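The next block holds one structure in the form of structure tokens; read it before the comments.
Chains as they are written, first to last, in our numbering: chain G, 1 to 293; chain C, 1001 to 1293.
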């Protein structure tokens, strides 16, 4: 008879064996805690440092006025905040239906081969460097129209959002139990209604997470905007002309020669984090269901 | 059972001078006493030469039998004998699975539900289904769960009318007294047995003519099981019930007719009392006396 200790006929472990197990157990638990702490502390340090460097410059004028000419004191980034929101808003409106729709299509109308193919392409698309996406949007929109524009920037961000939304939505839909689909189908509900009224609502939380993830990613992207929306020092809300954006402001000010610009870059970085945080919070609040715990 | 009689189309074949109905005329291995145990005028749902497949796997092999109107028909047999698959063929749920297909005819009111012109969605509204595991919609209240058939199909009805239907369905499912004060709580807050009755109420709310139950008690404790069984007997005064169970005692307790399946074939079919006292086939006898399965 095989025993737990290796000694025949007894379940008893020797003291030495028990000590060894305890030591290994503590080591493992300890290293898990250490790794978790490391991950959390990196996030914490980033947020804390940006807060430390950025928050002191945040004031009403910074949040409500446009940039001043280079070298002069004061000025703000309101045009960049609004520009970022417009860019990401348009990108989301264009890309989210495409991503979710594709996820529904390959998840709910399954053809294994198509599913694998689409998933593979989405994986590749997430791996494309964002600067390449920017160049693509440049060639696709900026060159033919002859002008940098918010539209081009939104399109570039949209290309980045689509695969993220698609992959997270596919996972989200896959987690919806088949029994719910069956329950609705057995009631004589047509398939598209089952998807829209049962499957998607059941996956809503996970879908939202994907959406927030994608939006946050798009808000922080700099490279795809450089050749597309270019940036703008003036107030503009017209997407057919160059729009300003927070990451572009951070990029430009951070490499500028003036202390004032560096401070503004930190403050803009802080605002970018704040906007991402605010958006994810609002989405959760708005879409919270009556029945969520 | 009375004199063997033919049903539907078979009658015409018979008057055409064909042989007596015993399945031989279809060139299939149907024992006498399979379809002819149900007199013509009592046959509600007729299964004729039905085969069901999962990809290459042949799960249901050439089954022909008829369900009696306003009676409970039990389908018993060991795990994997195809009884659930056969049941799922009866409201066209089988084909919802990947690579699944059905051959043969299932006739409701003289109409083959597998006819090309038939919409499976409409079939499912007339033939309801209750599943093995209770599957209330997690995002809906108790009342909304009961009315899911209306809500998901966006049926326009007055509030009072819907409230009344909700109450009637819950009363028929013997759940009204337990939940009448908490209709707005989530359906998933109920106990397992209550959830299953909620699912039964949900099926009944759309007024099906036939109710298919796929091992409805297998996830429930004995008390909850007893309640469902009482309910099944009551329901059979108004509608035709087909229940799949691996529990022979349950079949003996609730059903009027019993079908025994083995390895995808129907071995024997007849009045429950006959089946359990004087089975004709030795395999049936072996199964119901507990020698296998």
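Beta carbons: idealized from backbone N, C-alpha and C, even for Gly.
Keep in mind the model is a prediction, meaning the values are calculated, not measured.
Mapping DSSP to helix, strand and coil, what is residue i?
i: residue 1114 of chain C; result: coil
i: residue 1137 of chain C; result: coil
i: residue 163 of chain G; result: helix
i: residue 1169 of chain C; result: helix
i: residue 281 of chain G; result: helix
i: residue 258 of chain G; result: coil
i: residue 1151 of chain C; result: helix
i: residue 12 of chain G; result: coil
i: residue 1128 of chain C; result: strand
i: residue 1030 of chain C; result: With a pLDDT of only 49 at residue 1030 of chain C, under the threshold of 50, the placement of this residue in the model should not be trusted; the figure read from the coordinates follows. Reduced to three states, the DSSP call for residue 1030 of chain C is coil.
i: residue 1291 of chain C; result: coil
i: residue 1240 of chain C; result: strand
i: residue 1049 of chain C; result: strand
i: residue 286 of chain G; result: helix
i: residue 119 of chain G; result: helix
i: residue 1061 of chain C; result: strand
i: residue 180 of chain G; result: helix
i: residue 1044 of chain C; result: strand
i: residue 1181 of chain C; result: coil
i: residue 1003 of chain C; result: The predicted position of residue 1003 of chain C is uncertain, since its pLDDT is 44 and thus under 50; a value taken from the coordinates is nonetheless stated next. Coil, per DSSP.
i: residue 1161 of chain C; result: helix
i: residue 263 of chain G; result: helix
i: residue 58 of chain G; result: coil
i: residue 1190 of chain C; result: coil
i: residue 1230 of chain C; result: helix
i: residue 1214 of chain C; result: strand
Which chain G residues sit within Cβ distance under 9 Å of residue i?
i: residue 1131 of chain C; result: 179, 182, 183 and 186
i: residue 1226 of chain C; result: Result: empty, since nearest Cβ-Cβ is about 24 Å, beyond 9 Å.
i: residue 1124 of chain C; result: 185, 186, 187, 188 and 189
i: residue 1093 of chain C; result: 182, 185 and 186
Of the choices the options, whose alpha-carbon is the least far from that of residue i?
i: residue 157 of chain G; options: G:242, G:46, G:251 and G:225; result: G:225
i: residue 238 of chain G; options: G:15, G:13, G:152 and G:286; result: G:152
i: residue 1216 of chain C; options: C:1106, C:1185, C:1109 and C:1074; result: C:1074
i: residue 1234 of chain C; options: C:1256, C:1053 and C:1050; result: C:1256
i: residue 91 of chain G; options: G:229, G:284 and G:272; result: G:229
i: residue 1136 of chain C; options: G:183, G:34 and G:73; result: G:183
i: residue 274 of chain G; options: G:58, G:42, G:31 and G:17; result: G:58
i: residue 1153 of chain C; options: G:36, G:139, G:38 and G:189; result: G:189
i: residue 1097 of chain C; options: C:1209, C:1108, C:1114 and C:1053; result: C:1053
i: residue 1228 of chain C; options: C:1080, C:1047, C:1195 and C:1104; result: C:1195
i: residue 1240 of chain C; options: C:1231, C:1292 and C:1248; result: C:1231
i: residue 1107 of chain C; options: C:1101, C:1100 and C:1092; result: C:1092
i: residue 220 of chain G; options: G:60, G:251 and G:68; result: G:251
i: residue 1125 of chain C; options: C:1046, C:1258 and C:1113; result: C:1113
i: residue 98 of chain G; options: G:17, G:170, G:143 and G:136; result: G:170
i: residue 100 of chain G; options: G:279, G:284 and G:167; result: G:167
i: residue 1119 of chain C; options: G:186, G:111, G:96 and G:154; result: G:186
i: residue 269 of chain G; options: G:249, G:118, G:114 and G:165; result: G:249
i: residue 68 of chain G; options: G:233, G:271, G:107 and G:286; result: G:233
i: residue 1077 of chain C; options: C:1042, C:1271, C:1245 and C:1280; result: C:1245
i: residue 1187 of chain C; options: G:85, G:180, G:276 and G:36; result: G:180
i: residue 1252 of chain C; options: C:1211, C:1043, C:1271 and C:1264; result: C:1271
i: residue 1172 of chain C; options: C:1184, C:1197 and C:1193; result: C:1197
i: residue 160 of chain G; options: G:144, G:138 and G:125; result: G:125
i: residue 47 of chain G; options: G:286, G:285, G:281 and G:277; result: G:277
i: residue 1163 of chain C; options: C:1281, C:1144 and C:1066; result: C:1144
What residues of chain C sit near residue i, judged by a beta carbon separation below 8 Å?
i: residue 113 of chain G; result: Simply none; closest approach about 12 Å.
Could you tell me which chain C residues have their CB closer than 7 Å to the CB of residue i, listed as they occur along the chain?
i: residue 190 of chain G; result: 1121
Residues of chain G with CB closer than 7 Å to the CB of residue i, please, in chain order.
i: residue 1098 of chain C; result: 110
i: residue 1264 of chain C; result: Correct list: empty, because the minimum Cβ distance to chain G is about 22 Å.
i: residue 1213 of chain C; result: In chain order: nothing, as chain G lies at least about 11 Å away.
i: residue 1247 of chain C; result: Under the 7 Å cutoff, chain G gives no residues; its nearest Cβ is about 21 Å from residue 1247 of chain C.
Could you tell me which chain C residues have their CB closer than 9 Å to the CB of residue i, listed as they occur along the chain?
i: residue 193 of chain G; result: 1152, 1153 and 1154
Along chain G, which residues have their Cβ under 8 Å away from the Cβ of residue i?
i: residue 1294 of chain C; result: No information on residue 1294 of chain C is available, as it lies outside the stretch 1001 to 1293 that chain C covers here.
i: residue 1149 of chain C; result: 187, 188 and 189
With 8 Å as the limit, tell me which residues of the segment 1100-1122 of chain C have their beta carbon closer than that to any beta carbon of chain G; keep them in chain order.
1121 and 1122
Could you list the residues in the segment 1197-1211 of chain C with a C-beta less than 8 Å from some C-beta on chain G, going in chain order?
1199, 1202, 1203 and 1206
Relative to chain C, which residues along the segment 196-221 of chain G have a C-beta separation below 9 Å, given in chain order?
197, 198, 201, 202 and 204
Beta strand (DSSP E) segments (min. 3 residues) lying fully within the segment 1065-1120 of chain C
1072-1076 and 1100-1108
At 4 residues or longer, and completely inside the segment 70-110 of chain G: list those alpha helix (DSSP H) runs for me, N to C.
78-108
Interfacial residues, the segment 1048-1079 of chain C to chain G, with Cβ spacing under 9 Å:
none
Could you run through the segment 112-131 of chain G and flag, in chain order, every residue whose CB is less than 7 Å away from some CB of chain C?
none
Scan the segment 1248-1289 of chain C and note each continuous alpha helix (DSSP H) run of 4 residues or more that stays entirely inside, going in chain order.
1248-1254, 1272-1277 and 1282-1288
Let me know the alpha helix (DSSP H) ranges lying completely inside the segment 130-159 of chain G, each 4 residues or longer, listed in chain order.
130-137
Write down every uninterrupted run of the alpha helix (DSSP H) in the segment 201-238 of chain G whose length is 4 residues or greater and which is fully enclosed by it, in chain order.
204-220 and 223-226
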